[in-house]
Every structure is written in C-alpha cells, then in structure tokens.
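The structure is reproduced here in structure tokens:
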C-alpha cells in the first residue's frame, strides 16, 4: 500500500540519519513513463532545491520507472546534472553507488521491471485478442448499444432501442446520398449526441452495428472481422454497401451476362 511504502521510506531515512525533505506519491498511476503529476511536481522541487538534495529514495526501482530507456536517461540526468543518487530501500545492492557493479545491478533491476510491464501488456493484449476472436465486444458500448452482462456474467452489448433507430437512419440517409454534415443535422433532433462529421463517419464505418467484431492484428495474425455474439442493428449487406459508397468505388458498370457477379461479391474480411 502507499501507506506501507511511505512508512518504509520514512523508517529508512531515520535509520540512515537522512533528513526527509518531501514525499511524492503516484496514487493509482503506473510508472510506465514519467508523465505523472507527482513526478512533475518532484522534478520541479529538484530543479529548485537540487543543491540541498543528495538522494532520491524509492521503495523499489519499479516504483521509479518500468520503462528501461526512460529510466536510464532520467538517472543519467539526475546523477550527472544534479549530483543526486537514486536509491531503492528494498533493493539494497550493497556496493558504492558510483561503482560499476552498482550501475550494473541497478540496470538489471530496471530491466526486470520493464520486462514485467511487457508481460502484463502481453497478457492483456492476448486476453483482448482472444475475447475479440470469440465474438465479444470488450470496450465501452458504441452509440446505439449499452453494456450489460449475459447469463454467464460476461460482458455483452445489447441494442438501445431508441438510439438503434438513429443508427439505422444514419445508414439509410447515407445510402440515399445525404452528406455526413446533413446526416448529423437531421439526426440531432432525434437524439444523436455525437458532435461533428467524424462522429457520423465512425458510426458508418463501425462493423459492430452489423453484428461483427474487428479483431486487431496479433503477431503474425492480420486484422480481420468475425461474427460477434451481440445482436446487430443493421444487416451486413447494408454495412458493406455503405463501405463501398464511402470508399468512392461504387460500381457503375453495365450489366454483363457473362460475368453477372463481377464487382458484387465481398469477403467478410473485406
């Protein structure tokens, strides 16, 4: 806990006869980078009072940073520019901070923290990928849907009846040749609360409305569409017709009895 880390740092400073100038806490923020409010405040203090400061003391090096490249650059800045040594109270290396062995072991600890972060990201990406492959929509519901749980308590999206009608009308208006700007104007009185032409474009491009899930690329697997386990708001033919219209590649050919389906068939993956 934050309180436990704070107490440990306070006790360490007391035992080492170090005057504790200030404590900074990352409450709920990851140490994946230095774009953290408390870190910005810490750096401000360092710039103002670095002549009074000898050490920056952290509970563990992974509380300092989980990004090896940024961590080494920040350490170099602190130790070269400000002459401030960064210490971890739980990872007491036991050699002088200016020793090459100290630098080696500290870098190894920071590398371990970076690797752990990458493993967490990998597990998250794998879980999201598997969920999408199984047809589950795992994010906040898009306009026209709402987030609920199925009989197995797993997340699922279900149509919001009133908003679903607005989505259907957006597709109908698009196919009838109405511009996105006009579609936005026409649907606002009906309850469309998404501003800008880009909002209409996102609705018209979203395969979720046709009962499909976009599976993101994962290693060697390319991005693709799969059937979702949610109820569609529009049919797939309508969705693909809108995609063709938006792409500007509508087929204006004359019918040819020898090849009647040329330009008319689409694979589900696009």
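Residue numbers (the working numbering): 972 to 1241.
Beta carbons: idealized from backbone N, C-alpha and C, even for Gly.
Assigned with DSSP and collapsed to three states, residue 1059 falls in strand. For residue 1175, same chain residues with a beta-carbon under 6 Å away, outside a window of 5 residues either side, are 1145 and 1213 in chain order. In this structure, DSSP gives residue 1163 a state outside helix and strand, which the three-state scheme calls coil. Looking at the DSSP output, residue 1195 shares a beta bridge with 1186. Secondary structure note for residue 1074: it is in no beta strand (DSSP E), and the uninterrupted alpha helix (DSSP H) holding it is 1071-1104.
Around the Cβ of residue 1114, a 10 Å sphere holds 16 or more other Cβ atoms; the residue is buried. Taking a cut-off of 8 Å on C-beta distances, the region 1030-1050 touches the region 1076-1088, as three or more cross pairs fall below it. Pairing residue 1100 with residue 1189 gives a Cβ-Cβ distance under 8 Å.
Scanning 1229, 1103 and 1208 for the CA closest to the CA of residue 1197 turns up 1103. The count of Cβ pairs closer than 8 Å, one atom from the region 1067-1076 and one from the region 1002-1021, stays below three, leaving the stretches out of contact. About 19 Å separates the beta carbon of residue 1062 from that of residue 1090, a gap too long to meet the 8 Å contact definition.
Secondary-structure assignment with DSSP links residue 1026 through a beta bridge to 1056.
Between residue 1199 and residue 1108, the C-beta gap is smaller than 8 Å, which places the two residues in contact. When the beta-carbon positions are compared, residue 972 and residue 995 stay at least 8 Å from each other.
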